[in-house]
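Enquirer: Sharing a structure here in structure tokens format.
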Amino acid sequence: MCAAAAAFAIASAGCSKPARQAETATSHSDGEPQFSADSAFTYLARQVAFGPRVANSAAHEACASWIASELARHGADTVIVQRADIEGFGPAANIMGRFNAGAARRVLLLAHWDSRPWADEDPDPANHARPIDGANDGASGVAVLLEMARLMGRELPTVGVDLLFVDAEDAGSAGDDDSWALGTQYWVEHMPYGVSEPMPDYAVLLDMVGGTGATFPRELFSDVNCRPLTARIWSLARKIGLAERFPDVTGGAVNDDHIPLIRAGIPAVDIIETNNPQTGSFNPTWHTMADNIENIDPAALGDAGKLVTTLIYSEK
Ligand SMILES: [Zn+2]
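Per the working numbering, residue 405 is the first one in the sequence shown, and the count goes up by one each step.
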């Protein structure tokens with residue numbers, strides 16, 4: 405994703421739907437499966453092992469097949485692979501696994517699975533044309549969602565959950581806001597839902613959730629457009645002992661996959677590191693060759709996963 409400059413012109417209409425106040429969960433709610441940071445880390449390592457997930461590469465294709473097969477293996481009701489040739493990216497695949505698809509209410513959880521084709525923020529200009537591993541930027545969010553798929557395969561939550569793995573997020577250019585999140589832009593125009601099927605109540609995006617010592621303040625666009633939802637999620641974090649990881653303060657503004665969803669009328673929140681003490685924004689490894697597995701913090705992955713898992717299993 406890219407750090408958003410000004411562009412406060414996001415339609416706020418999308419977030420008029422009030423978030424439910426069904427807050428009954430605690431850190432030890434009965435029957436809530438335990439999110440495993442180790443398992444999530446393994447899912448992350450597996451993605452990195454494919455190589456950079458950039459368009460027109462064997463790694464990209466192999467990773468798409470693997471995500472789809474993991475969703476099937478964990479018992480998704482359906483796995484939808486939405487393929488498209490996206491201008492500005494190439495052949496792309498959005499992958500969605502639906503759990504408890506017959507439930508009356510549904511929540512959408514998403515992450516981008518492509519990785520940036522260029523380390524254009526690397527301190528060494530010789531690396532600017534090289535692709536990054538995307539261990540944090542890409543693989544971390546996917547890892548959390550796949551670990552949740554594993555948990556849902558063991559015990560379904562009451563609510564329906566659509567896990568969406570979007571492609572073509574991270575090949576954008578600075579200064580061109582619309583060149584990012586191309587996979588999600590495509591998805592909102594071709595949502596694979598039946599005509600009579602309600603939209604998801606809300607969406608939670610996980611992006612760059614594995615940085616060393618990462619904290620996740622309330623991302624600004626999420627907060628401005630979807631305040632009831634950010635209030636609810638950050639208050640839940642406090643309730644389950646994650647106040648330090650999720651400081652209840654406004655963070656930076658990020659042009660990311662939640663923006664097309666908000667514009668499409670789905671309240672959406674981005675969980676992302678934006679207040680790194682070293683940079684004042686993203687993790688220092690952002691869009692550099694150092695975005696590799698050595699710089700992943702399983703504890704950050706684990707806390708992000710624990711919060712979203714508690715959120716989902718508290719939904720009635
Ligand atoms: Zn990125």
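A virtual CB, placed ideally from N, CA and C, is assigned to each residue, including glycine.
Does P681 pass the burial test, meaning 16 or more other C-beta atoms within 10 Å, or should it be called exposed?
Expert: exposed
Enquirer: Under 8 angstroms by Cβ, that's how I've got D661 and L609 pegged, so tell me the actual separation to the nearest angstrom.
Expert: 5 angstroms
Enquirer: Cα separation between E593 and G655?
Expert: 29 angstroms
Enquirer: Consult DSSP for S433 and reduce its assignment to one of helix, strand or coil.
Expert: Because the pLDDT of S433 is 44, which lies under 50, any placement of that residue in the model is unreliable, and the question is left without a value.
Enquirer: Secondary structure at L550, three-state DSSP: helix, strand or coil?
Expert: helix
Enquirer: Considering only the beta carbon of each residue, do T714 and I670 sit closer than 8 angstroms?
Expert: Their beta carbons are not under 8 angstroms apart, which means T714 does not touch I670 by this criterion.
Enquirer: For ligand 1, is there a heavy atom less than 7 angstroms away from the beta-carbon of H691?
Expert: yes
Enquirer: According to the neighbour-count rule (16 or more other Cβ atoms, all chains shown, within 10 Å of its Cβ), is G564 buried or exposed?
Expert: buried
Enquirer: Between which two residues does the beta strand (DSSP E) holding Y606 run?
Expert: 606-610
Enquirer: Using DSSP bridges, identify the partner residues of G494.
Expert: I490
Enquirer: Tell me whether the beta-carbon of D541 lies closer than 8 angstroms to the beta-carbon of S519.
Expert: yes
Enquirer: Exposed or buried, which one is Q438 when buried takes at least 16 other CB atoms within 10 Å?
Expert: exposed
Enquirer: For ligand 1, is there any heavy atom lying closer than 7 angstroms to the beta carbon of A520?
Expert: This sequence places Arg at residue 520; Ala is not what is there. Yes, the beta carbon of R520 sits closer than 7 angstroms to at least one heavy atom of ligand 1.
Enquirer: Contact between the segment 447-462 and the segment 539-554 is defined here as three or more beta-carbon pairs at a separation below 8 angstroms; is this criterion met?
Expert: yes
Enquirer: For the segment 586-601 and the segment 645-653, state whether three or more C-beta atom pairs, one from each stretch, are separated by less than 8 angstroms.
Expert: no
Enquirer: May I have the straight-line CA-CA distance separating V483 from G557, to the nearest angstrom?
Expert: 14 angstroms
Enquirer: Smallest Cα separation from E719: which of A472, E474, R510, Q486?
Expert: Nearest C-alpha to E719: R510.
Enquirer: If you drop the 5 nearest sequence neighbours on each side, which residues of the same chain put their C-beta closer than 8 angstroms to that of L705?
Expert: A441, A444, F445, L448, S544, A547, V548, V613, G614
Enquirer: Would the segment 683-692 count as touching the segment 526-542 if we require 3 or more Cβ pairs under 8 angstroms?
Expert: yes
Enquirer: When the Cα atoms are used, what is the spatial distance from R622 to D581?
Expert: 21 angstroms
Enquirer: In this structure, how does DSSP classify G501 when only helix, strand and coil are distinguished?
Expert: For G501, the three-state secondary structure derived from DSSP is strand.
Enquirer: Work out the CA separation of A657 and R457 for me, nearest whole Å.
Expert: 25 angstroms
Enquirer: When you measure from the CB of D571 to every non-hydrogen atom of ligand 1, does any distance come out below 7 angstroms?
Expert: no
Enquirer: Around the C-beta of G617, are 16 or more other C-beta atoms found within 10 angstroms, so that it is buried, or is it exposed?
Expert: Looking at its Cβ environment, which holds fewer than 16 other Cβ atoms inside 10 Å, G617 is exposed.
Enquirer: Find out if the Cβ-Cβ distance for the pair G709, E551 is shorter than 8 angstroms.
Expert: The answer is yes: Cβ separation under 8 angstroms.
Enquirer: Is the closest heavy atom of ligand 1 to the C-beta of D528 under 7 angstroms?
Expert: no
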